[in-house]
Amino acid sequence: MFFRAIINELIKIASKPRSYLGLGAITLLVSVVLFAMKADGTHFVGFATASFEQSLSFSGTILNGNLVAFIILQTLIIHVPLLVALVTGDLVSGEGAAGTIRMLLTRPLSRTQVLFSKFIAGASYTALVVAWLAFLGIVVARGMFGVGDLVVLNSDGLTVLLQQDILWRFGYGLVVAWLALLTVSSLSITLSCFSDNSIGPIVATMAIIILFTIIGTLDVPVFDSVRPLLFTTHMASWRSFFEDPLPMADIRQSLIILLSHNIGLMTIAWWKFRTKDITA
Amino acid sequence: MASTSEPIIDIQHLRKSFGSFQAVNDLSFSVYEGDVFGFLGPNGAGKSTTIRCMTSLIRPDSGSIKLFGQDLHRHRASVLARVGCIIEKPDFYKYLSAEANLWQAARMSGHAVSRARIQEILDFVGLRGREHDKVKGYSQGMKQRLGLAQALLHDPDVLILDEPTNGLDPQGIVELRELILRLRDEHSKTIVISSHQLSEIELIANRMIIINKGQSVAEGAVNSLLQSDDLHIVVEVDRPDNALRIVQQHLPEAAPKLHGERSLELDLHKDRIPHMIRVLSDAGIQMYGVESRRKLEDFFISMVNS
Numbered sequence: 001m002f003f004r005a006i007i008n009e010l011i012k013i014a015s016k017p018r019s020y021l022g023l024g025a026i027t028l029l030v031s032v033v034l035f036a037m038k039a040d041g042t043h044f045v046g047f048a049t050a051s052f053e054q055s056l057s058f059s060g061t062i063l064n065g066n067l068v069a070f071i072i073l074q075t076l077i078i079h080v081p082l083l084v085a086l087v088t089g090d091l092v093s094g095e096g097a098a099g100t101i102r103m104l105l106t107r108p109l110s111r112t113q114v115l116f117s118k119f120i121a122g123a124s125y126t127a128l129v130v131a132w133l134a135f136l137g138i139v140v141a142r143g144m145f146g147v148g149d150l151v152v153l154n155s156d157g158l159t160v161l162l163q164q165d166i167l168w169r170f171g172y173g174l175v176v177a178w179l180a181l182l183t184v185s186s187l188s189i190t191l192s193c194f195s196d197n198s199i200g201p202i203v204a205t206m207a208i209i210i211l212f213t214i215i216g217t218l219d220v221p222v223f224d225s226v227r228p229l230l231f232t233t234h235m236a237s238w239r240s241f242f243e244d245p246l247p248m249a250d251i252r253q254s255l256i257i258l259l260s261h262n263i264g265l266m267t268i269a270w271w272k273f274r275t276k277d278i279t280a
Numbered sequence: 001m002a003s004t005s006e007p008i009i010d011i012q013h014l015r016k017s018f019g020s021f022q023a024v025n026d027l028s029f030s031v032y033e034g035d036v037f038g039f040l041g042p043n044g045a046g047k048s049t050t051i052r053c054m055t056s057l058i059r060p061d062s063g064s065i066k067l068f069g070q071d072l073h074r075h076r077a078s079v080l081a082r083v084g085c086i087i088e089k090p091d092f093y094k095y096l097s098a099e100a101n102l103w104q105a106a107r108m109s110g111h112a113v114s115r116a117r118i119q120e121i122l123d124f125v126g127l128r129g130r131e132h133d134k135v136k137g138y139s140q141g142m143k144q145r146l147g148l149a150q151a152l153l154h155d156p157d158v159l160i161l162d163e164p165t166n167g168l169d170p171q172g173i174v175e176l177r178e179l180i181l182r183l184r185d186e187h188s189k190t191i192v193i194s195s196h197q198l199s200e201i202e203l204i205a206n207r208m209i210i211i212n213k214g215q216s217v218a219e220g221a222v223n224s225l226l227q228s229d230d231l232h233i234v235v236e237v238d239r240p241d242n243a244l245r246i247v248q249q250h251l252p253e254a255a256p257k258l259h260g261e262r263s264l265e266l267d268l269h270k271d272r273i274p275h276m277i278r279v280l281s282d283a284g285i286q287m288y289g290v291e292s293r294r295k296l297e298d299f300f301i302s303m304v305n306s
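Quick note, the sequences are listed as chains A and P, same order.
For the first sequence, position 55 (counting from the first letter as 1) is numbered 55 according to the working numbering, and the numbering increases by one without interruption.
For the second sequence, position 80 (counting from the first letter as 1) is numbered 80 according to the working numbering, and the numbering increases by one without interruption.
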């Protein structure tokens, strides 16, 4: 029965036009970046490496598929949460707004099963968004620009990663990116349990992301103790896989924070949804 | 109908409040197998809250809800697998077709529902041929029929229909009534139906409860509740003004008043009807009809106002 509920949720997501809005937006944005890199990528890379050219000499082509893929992920991973929230924020409250929650919750299925079928469907959609981003960003970019060593500018300076040492970093990085987006999904589902209209949870999720991001970037001592605990601080943790050596302690801390957020948020959602009176 | 058997739905001392508002207050009633049970009450009486408690949408503060002899909250899944319902109004995923919506319901029904069963139920509610249309293009009547289809899909023993005539035009109401009567007569379903259409309940229900302010004010067989020696009478006459004056003079307790252009209406004990006929006849008033019937509407109003 639980498996059937997941199938139902996936069908609903696949049938809603808004689900394709995110995928379409990603396609458009990636296309713009790919076009820009193709048209003027050499100038862009030259500008970025200009400050190092007095102390370093670059041989070969820095502009390749791996660099473009990295730029695409870095540019878009900040915006993708908004596209995810558009779908996941509607999962519970959308049923309330449409009135279908009454039929859904009078089926011989526990509310816990209903909620977690939605969570799994939301997680699957999030995975699809990440996979689509990965396909466009990595597969297409590598196809268009070819492969080569990846030069990444980190806080410690330039890191050069060998061509054969890159794909697994993208793989692990995307898993962490998915976990970060899953936190956004859990947040919007949780907010969705407190509302009977679809727009509220989506807007509230975006507002929380913006607020936490501001707190995270505002270099004020009063936020120092809070900053490491905010999930938004760890949304760019996928980049840690492009450092050499890998900052395992940082990665571990990010995973723990993101997982804790997911568990905590879904526990709140479960508590609320289980006891919610359906009066609408 | 089968009041000597175990009740199929048994509600005892149900209470539910929202803040300081007591929506349901110590409500008890029973529904028996084969009943078409009318659930009546004015707006805000607690009907919807009670029905939502019976379908686990609302958690009661106290009291017990048993269906098929099992406690709803302890045996929720097994109980709801035997119940089909329309709560308030049937809402569907508008971006899906009718058939896709039925498949959604089928997967969650707790029963194996075949493609043939879906076609059969579409036939039953008269939506065959429109099953591939998206629900967003359906009329309210079609949605109600689709609502009945999803409720019946898994062949439940009990149907709970909360205001199923909401938004229906007269034709739709007649069609829905016929469907419910077929379910009662051909499929032996136990049906709980709440409605503002009192005439509909009168036509289809064999037992009923009237609630007001969250409490039961009358419960029992429709026929026996409506049977009374105090009757509401409408008399069609040739000279209503004269007839009114004569009845006021000889039967002041009947509180007569004009009813339309050619009739009087009055409340009278049945033993006094021959006397009324005699005084009108003696005064030369021509009578074309005497309708003496206690209607559910009158009963409902008297119960709610009492």
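A virtual CB, placed ideally from N, CA and C, is assigned to each residue, including glycine.
Report the three-state DSSP secondary structure of Gly122/A (helix, strand or coil).
-> Numbered from its first residue, the first sequence carries residue 122/A at position 122. Gly122/A: helix per DSSP, three-state reduction.
Since Ser15/A meets chain P, which of its residues come closer than 8 Å, beta carbon to beta carbon?
-> As a first step, residue 15/A must be located in the first sequence, where it is residue number 15. Chain P residues near Ser15/A: Tyr93, Tyr95, Leu96 and Ala100.
Arg15/P to Ser62/P, Cα distance in whole Å?
-> For the purposes of this step, residue 15/P is identified with residue 15 of the second sequence, where counting begins at 1. For the purposes of this step, residue 62/P is identified with residue 62 of the second sequence, where counting begins at 1. Straight-line Cα distance between these residues: approximately 5 Å.
Among Val237/P, Val125/P, Tyr93/P and Ser56/P, nearest to Arg145/P - alpha-carbon criterion = By one-based count along the second sequence, residue 145/P stands at place 145. For Arg145/P, the nearest C-alpha among the options comes from Val125/P.
Do the segment 116-133 of chain A and the segment 228-236 of chain A meet, that is, are 3 or more Cβ pairs less than 8 Å apart?
-> no
Flag His43/A as yes when its Cβ comes closer than 7 Å to any non-hydrogen atom of the ligand FAD, and as no otherwise.
-> The model on display carries no ligand, and the ligand FAD is accordingly not part of it.
Taking C-alpha atoms, which residue in Pro252/P, Thr50/P, Pro240/P and Leu296/P lies nearest to Gly284/P?
-> As a working mapping, residue 284/P is identified with position 284 in the second sequence. The candidate whose alpha carbon is nearest that of Gly284/P is Pro240/P.
State buried or exposed for Met208/P, treating a residue as buried only when at least 16 other CB atoms are found within 10 Å of its CB.
-> Residue 208/P sits at position 208 when you count from the first residue of the second sequence. Classification for Met208/P: buried.
Rounded separation between Leu158/A and Ser185/A - CA only = Translated into positions along the first sequence, residue 158/A becomes position 158. Translated into positions along the first sequence, residue 185/A becomes position 185. Roughly 34 Å separates the two Cα atoms.
For Tyr288/P, name the three-state secondary structure that DSSP assigns.
-> Position 288 of the second sequence, counted from the start, is the residue given in the question as residue 288/P. Tyr288/P falls in the strand class under three-state DSSP.
Please go through the same chain and pick out, in chain order, the residues whose beta-carbon is closer than 6 Å to the beta-carbon of Phe241/A, but skip the five residues on each side of it.
-> For the purposes of this step, residue 241/A is taken as the residue at position 241 of the first sequence. So the qualifying residues of the chain are Arg169, Tyr172 and Gly173.
Determine the contact status of Pro7/P and Gly84/P, defining contact as a CB-CB distance below 8 Å.
-> To locate residue 7/P, count along the second sequence from 1; it is residue 7. To locate residue 84/P, count along the second sequence from 1; it is residue 84. Taking 8 Å as the Cβ cut-off, Pro7/P and Gly84/P do not qualify as a contacting pair.
CB-CB under 7 Å to Ser3/P, same chain, minus the five flanking residues each way: which ones, in chain order?
-> The sequence position of residue 3/P within the second sequence is 3, counting from 1. Note that Ser3/P scores 48 on pLDDT, short of 50, meaning its location in the model is unreliable and no value can be drawn from it.
Quick one: grab the DSSP three-state call for Ala255/P.
-> In the second sequence, residue 255/P corresponds to position 255, counting from 1. Looking at Ala255/P - three-state DSSP - the assignment turns out to be coil, as it is neither helix nor strand.
Ala2/P (DSSP reduced to helix, strand or coil) | To locate residue 2/P, count along the second sequence from 1; it is residue 2. Legend: pLDDT at Ala2/P = 45, less than 50; position of this residue unreliable, value from coordinates given subsequently. In the structure shown, Ala2/P falls within a coil segment according to DSSP collapsed to helix, strand and coil.
Is DSSP giving Met303/P helix, strand or coil here?
-> What you label residue 303/P is simply residue 303 of the second sequence in a count that begins at 1. In this structure, Met303/P counts as helix in the three-state DSSP scheme.
Hey, could you find the ends of the beta strand (DSSP E) Asp61/P is sitting in?
-> Working through the second sequence from its first residue, we reach residue 61/P at position 61. Looking at the DSSP string, Asp61/P is not in any beta strand (DSSP E), and its letter there is neither H nor E.
Give the DSSP bridge partners of His269/P, in chain order.
-> Residue 269/P sits at position 269 when you count from the first residue of the second sequence. His269/P pairs with Asp230/P.
For Gln197/P, does the three-state DSSP call read helix, strand or coil?
-> On the second sequence, residue 197/P is found 197 positions in, with the first residue counted as 1. If DSSP states are grouped into helix, strand and coil, Gln197/P belongs with coil.
Compare the C-beta of Met1/A with all C-beta atoms of chain P and state if any pair is closer than 8 Å.
-> Here residue 1/A is taken as the residue at index 1 of the first sequence, counted from 1. By this cut-off, Met1/A is an interface position.
Can you tell me whether DSSP reads Met208/P as helix, strand or coil?
-> Residue 208/P sits at position 208 when you count from the first residue of the second sequence. Correct three-state label for Met208/P: strand.
From this set, Val33/A, Val176/A and Ala36/A, which residue's C-alpha is nearest Ile251/A's C-alpha?
-> As a position in the first sequence, residue 251/A is number 251, starting the count at 1. The shortest Cα separation from Ile251/A among Val33/A, Val176/A and Ala36/A belongs to Val176/A.
What residues of chain A sit near Arg59/P, judged by a beta carbon separation below 8 Å?
-> Numbered from 1 along the second sequence, position 59 holds the residue referred to as residue 59/P. Thr275 and Asp277, listed in chain order.
Looking at the unbroken beta strand (DSSP E) that takes in Gln12/P, where does it start and where does it end?
-> Mapped onto the second sequence, residue 12/P falls at position 12. Start and end: Ile9 to Phe18.
Is Ile86/P near Gly147/P, with beta carbons less than 8 Å apart?
-> For this step, residue 86/P is matched to residue 86 along the second sequence. For this step, residue 147/P is matched to residue 147 along the second sequence. Contact: yes.
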